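In what follows, a single structure is set out as structure tokens and then discussed.
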Amino acid sequence: MDHYSPDSRGLPKKKRMLLLGILASVAIALLLGSLLVENYFSLLFSNSSVRREDEAQKRLDMEGEPFTAQVTEPVFDPTVTPFDFVFDRPLTSAQEKRMKEFSSAEVDELWSYLSSIGGRMVEYPTAGTGDQTYSDVFNLHLQSDRQAPLTVTDLRAKVIQCSPSKAVAVVQVPPQGGGGYIGVFFNLTEHKPVARISEPTERHGNPFFRDNVINLGNGEDPGNLRIESIVGNDSCDWEIGLNYSDSSGVHSRTIRNGKVPFRTEALPRNPKQHWQVFPGAGNDAKWIDCGSRNRSVQRHSSC
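Each residue of the sequence shown is one higher than the one before, counting from 1 in the UniProt record's numbering.
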């Protein structure tokens with residue numbers, strides 16, 4: 001006490017105790033103030049460091065790929081879905097003979113055989129779009145690992161080129177009808193094909209993104225779409241233009257079938273070989289040579 005306040009030696013005991021209390025309070029206040037200042041600056045620098053880390057993480061998140069697009073083939077059941085095959089070369093006599101050996105109950109086996117000898121499948125649109133239209137179907141899977149959200153706002157088909165099919169041989173199973181499905185379709189004969197609703201309801205044909213978006217990132221489930229492309233008399237090469245928005249603005253991406261454009265085949269106008277098959281009596285298959293020069297054969301067929 002005397003060391004910190006030499007003038008207090010002559011004070012009465014009570015005043016000395018009071019002074020001691022004041023000095024102790026001042027010391028405590030200074031200590032607490034020092035601790036508060038230290039904690040304040042520590043918290044200030046800590047928050048600043050956290051903000052910098054958050055900003056760096058956000059920059060890193062935004063610098064990565066916004067999403068991935070994967071194209072897969074849908075499960076195809078040739079026993080219920082009509083199909084045709086086109087070939088860039090004529091079928092050999094042995095291949096024609098083997099093809100005709102399949103019964104009408106062996107559609108699955110016929111499909112596998114035609115595919116194994118180089119045939120490319122041509123499908124029919126699942127919804128009515130008029131005669132002489134053909135289609136192709138695939139599944140598009142969109143997924144984003146971003147922490148930040150993004151929204152797909154539009155899909156459009158960009159037609160690169162269309163031209164008559166160069167196929168020289170056709171094996172055709174005429175359509176017997178088919179149901180619709182939930183997804184979108186592009187009519188490549190339109191001037192600027194937009195994604196249209198394909199489900200078999202009153203909404204069929206409406207622009208999909210008029211009332212819908214696809215949300216990705218931020219833990220959202222992947223966006224999966226079944227996509228159908230429809231062509232007329234010409235085969236078309238095309239790609240998808242995708243628009244999406246995030247916190248930095250509106251962006252666009254091009255989606256292809258790997259590194260090449262999508263291709264939707266049409267049947268050739270005048271193939272050198274053209275076969276149609278129909279169910280016959282029992283399990284027999286009735287084959288019609290539509291490429292025959294025998295007019296009586298063509299006159300009594302659906303060629």
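C-beta: ideal position from N, C-alpha, C; glycine also. Here the structure is a predicted model, which means the values were calculated and not measured.
- Considering only P66, T68, S25, T81, the residue with the shortest C-alpha distance to V173 is T81.
- In the three-state reduction of the DSSP assignment, I117 falls in the coil class.
- In this structure, H274 sits away from V107, with a CB-CB distance that is not shorter than 7 Å.
- Secondary structure note for R263: it is in no alpha helix (DSSP H), and the uninterrupted beta strand (DSSP E) holding it is 262-264.
- With respect to S165, F67 sits apart: the two C-beta atoms are not nearer than 7 Å.
- The DSSP assignment places complete beta strand (DSSP E) segments of no fewer than 3 residues inside the stretch 151-175 at 169-172, in order along the chain.
- It is roughly 7 Å from the alpha-carbon of K192 to the alpha-carbon of A157.
- Per DSSP, the unbroken beta strand (DSSP E) holding E239 starts and ends at 234-246.
- Residue range 93-100 is occupied by the alpha helix (DSSP H) that includes A94.
- A direct Cα-Cα distance of roughly 13 Å separates P271 from N233.
- Buried is the label assigned to E123, since at least 16 other Cβ atoms lie within 10 Å of its Cβ.
- Listed as beta-bridge partners of P279 by DSSP are A285.
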